[in-house]
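Visitor:
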Amino acid sequence: MSGDEAKLVDSAADYCDVVRDGEPVTDPRWRSSRVVVTNQRLVLAGTDGNRTFPHDALELVTDPGSVAPDGVATEGVAAFRAGDDTFLVDAAAVEAFDREYCRAALDTEVILVTHPAVVGGVVQDTEWSKARFRFADDEVKLALPGGDTASFPVADVGTVETATETVMGDSRTVVRLEHTDDEGRSVETHFSGTEAHTRALTHLFRAVVSDRKSDEFDLTETENQVLMALYSGVSPFEMADFVGLDVDEVEEIYGKLLEMGAVDKVRERTEVSLNAHGRNLASEAMSEQ
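Letter by letter, the sequence shown follows residues 3 to 291 of our numbering.
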């Protein structure tokens, strides 16, 4: 490895080729190897030699089941496309290997960022600039021009959206990340860069948000109204009048939202604040209206 290359993952793993030269592999088989991921490449080191893939040559498949043949298990497996080839990697000893891959692919990379792009729903006059990206200790850390830095916990991420915009004169994919700042305000940070950067950023942040989702709770129409009202800025003290419910009924809904981790308690009664998980749920509910 060169002096600028850092190893972030080194583990026993199995891999399986499922598409080769654009054609499905007729008899896909798992092969034992070691998987090494640095900030520059992924390496499959097997008995038949090493296979090396620079990050910009790989695409992480969002749903491994969509590319795996029948009979090939995909639970806990990451799937990659490399040109006309597709392969699966099962690194059971590495928790959330797909996320660790994204973290490695983005580690200390120089990407494009607008921070903050939006504060409290108001678009800011912030220009795009280069920033060095790190995701460590469950925090996103940005080294900005002029020695400035910015950071926020991934637990504060609410929604993740993508769009195509003109960035520094070129049409690029933009990842719009909604989160809270140090003052508890809802802000957006926008990321861009190469296609490899935006693919990894999108997968990483959506995986973080997805981890917080729970299938154990189904919200009623009234509960969704309360959630969307909080998202829109309605004061918890005014909620009963706003949605036409008794205070006790609103308290019961707050209790359910607290139980599912969508709000944080501010005071013992009446006052709650929407957190990242709640903002994500509210955004989804509003999009379904």
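Glycine included, each C-beta is placed from N, C-alpha and C at the ideal position.
Using the C-alpha atoms, what's the distance from residue 199 back to residue 265?
Guide: Taking the first residue of the sequence shown as position 1, residue 265 is located at position 263. Taking the first residue of the sequence shown as position 1, residue 199 is located at position 197. Using only the alpha carbons, I get a separation of about 32 Å.
Visitor: With hydrogens ignored, establish whether the beta-carbon of residue 98 is closer than 6 Å to any heavy atom of the ligand PLP.
Guide: Among the components of this structure there are no ligands whatsoever, and the ligand PLP is therefore not found.
Visitor: For residue 155 and residue 28, what's the separation of their Cα atoms in angstroms?
Guide: For the purposes of this step, residue 155 is taken as residue 153 along the sequence shown, with counting starting at 1. For the purposes of this step, residue 28 is taken as residue 26 along the sequence shown, with counting starting at 1. Rounded to the nearest angstrom, the two C-alpha atoms are 45 Å apart.
Visitor: Would you report the Cα separation of residue 178 and residue 104, rounded to the nearest angstrom?
Guide: Residue numbering aside, residue 178 sits at position 176 when the sequence shown is read from its first letter. Residue numbering aside, residue 104 sits at position 102 when the sequence shown is read from its first letter. Each residue's alpha carbon lies about 17 Å from the other.
Visitor: Under 6 Å Cβ to Cβ from residue 79, same chain only, skipping five residues before and after it: list those, please.
Guide: Working through the sequence shown from its first residue, we reach residue 79 at position 77. Hits under 6 Å: 66, 90, 92.
Visitor: Would DSSP call residue 238 helix, strand or coil?
Guide: Along the sequence shown, one-based indexing puts residue 238 at 236. If DSSP states are grouped into helix, strand and coil, residue 238 belongs with the helices.
Visitor: Going by CA-CA distance only, name the one from 184, 146, 98 that's closest to residue 116.
Guide: As a working note, residue 116 is residue 114 in the sequence shown. It is 146 whose Cα lies nearest to the Cα of residue 116.
Visitor: Assuming residue 11 and residue 96 form a contact by the criterion Cβ under 8 Å, report the distance between their Cβ atoms to the nearest whole angstrom.
Guide: Locating residue 11 in the sequence shown gives position 9, where the first residue counts as 1. Locating residue 96 in the sequence shown gives position 94, where the first residue counts as 1. Rounded, the Cβ-Cβ distance is 6 Å, consistent with contact.
Visitor: Where in the segment 27-56 do unbroken runs of the beta strand (DSSP E), each at least 3 residues long, occur, reported from the N-terminal end onward?
Guide: Within the segment 27-56, the complete beta strand (DSSP E) runs of at least 3 residues are 32-40, 43-48, 51-56.
Visitor: Is the distance from the Cβ of residue 206 to the Cβ of residue 193 below 7 Å?
Guide: Counting from one through the sequence shown, the residue named residue 206 turns up at place 204. Counting from one through the sequence shown, the residue named residue 193 turns up at place 191. Not a contact, by the Cβ cut-off of 7 Å.
Visitor: In terms of residue numbering, what span does the beta strand (DSSP E) encompassing residue 250 cover?
Guide: Taking the first residue of the sequence shown as 1, we reach residue 250 at position 248. Unbroken run through residue 250 is the alpha helix (DSSP H), 249-261; no beta strand (DSSP E).
Visitor: Report yes if the CB atom of residue 225 is closer than 7 Å to the CB atom of residue 255, and no otherwise.
Guide: Within the sequence shown, the letter at position 223 stands for residue 225. Within the sequence shown, the letter at position 253 stands for residue 255. Yes, they are a contact pair.
Visitor: How would you call residue 174, buried or exposed, if buried means at least 16 neighbouring beta carbons within 10 angstroms?
Guide: If you number the sequence shown from 1, residue 174 lands on position 172. Residue 174 should be labelled buried.
Visitor: Could you check what DSSP says for residue 174 in three-state terms: helix, strand or coil?
Guide: Within the sequence shown, numbered from 1, the residue matching residue 174 stands at position 172. Looking at residue 174 - three-state DSSP - the assignment turns out to be strand.
Visitor: Ordered along the chain, which non-local residues of its own chain (more than five positions away) have a Cβ less than 6 Å from that of residue 18?
Guide: The residue you call residue 18 lines up with position 16 of the sequence shown. Once the five neighbours on either side are set aside, the close Cβ partners of residue 18 are 30, 32, 90.
Visitor: Cα separation between residue 132 and residue 150?
Guide: For the purposes of this step, residue 132 is identified with residue 130 of the sequence shown, where counting begins at 1. For the purposes of this step, residue 150 is identified with residue 148 of the sequence shown, where counting begins at 1. Going from the Cα of residue 132 to the Cα of residue 150 covers about 12 Å.
Visitor: In the structure shown, what three-state DSSP assignment does residue 19 receive?
Guide: The sequence position of residue 19 within the sequence shown is 17, counting from 1. Note: residue 19 maps to strand in three-state DSSP.
Visitor: Alpha carbons only, please: which of 70, 82, 23 is nearest the one belonging to residue 46?
Guide: As a working note, residue 46 is residue 44 in the sequence shown. Ranking the options by Cα distance to residue 46, first place goes to 82.
Visitor: Report the partner residues of residue 83 according to the DSSP bridge assignment.
Guide: As a working mapping, residue 83 is identified with position 81 in the sequence shown. DSSP output for residue 83 lists 61, 88 as bridge partner(s).
Visitor: Less than 7 Å between the beta carbons of residue 148 and residue 180, yes or no?
Guide: As a first step, residue 148 is located in the sequence shown; it is residue number 146 there, counting from the start. As a first step, residue 180 is located in the sequence shown; it is residue number 178 there, counting from the start. Not closer than 7 Å, so no.
Visitor: Could you check what DSSP says for residue 204 in three-state terms: helix, strand or coil?
Guide: By one-based count along the sequence shown, residue 204 stands at place 202. Of the three classes helix, strand and coil, the one that applies to residue 204 here is helix, per DSSP.
Visitor: What separation, rounded to the nearest whole angstrom, lies between the Cα atoms of residue 48 and residue 13?
Guide: Taking the sequence shown and counting its residues from 1, one reaches residue 48 at position 46. Taking the sequence shown and counting its residues from 1, one reaches residue 13 at position 11. Going from the Cα of residue 48 to the Cα of residue 13 covers about 12 Å.
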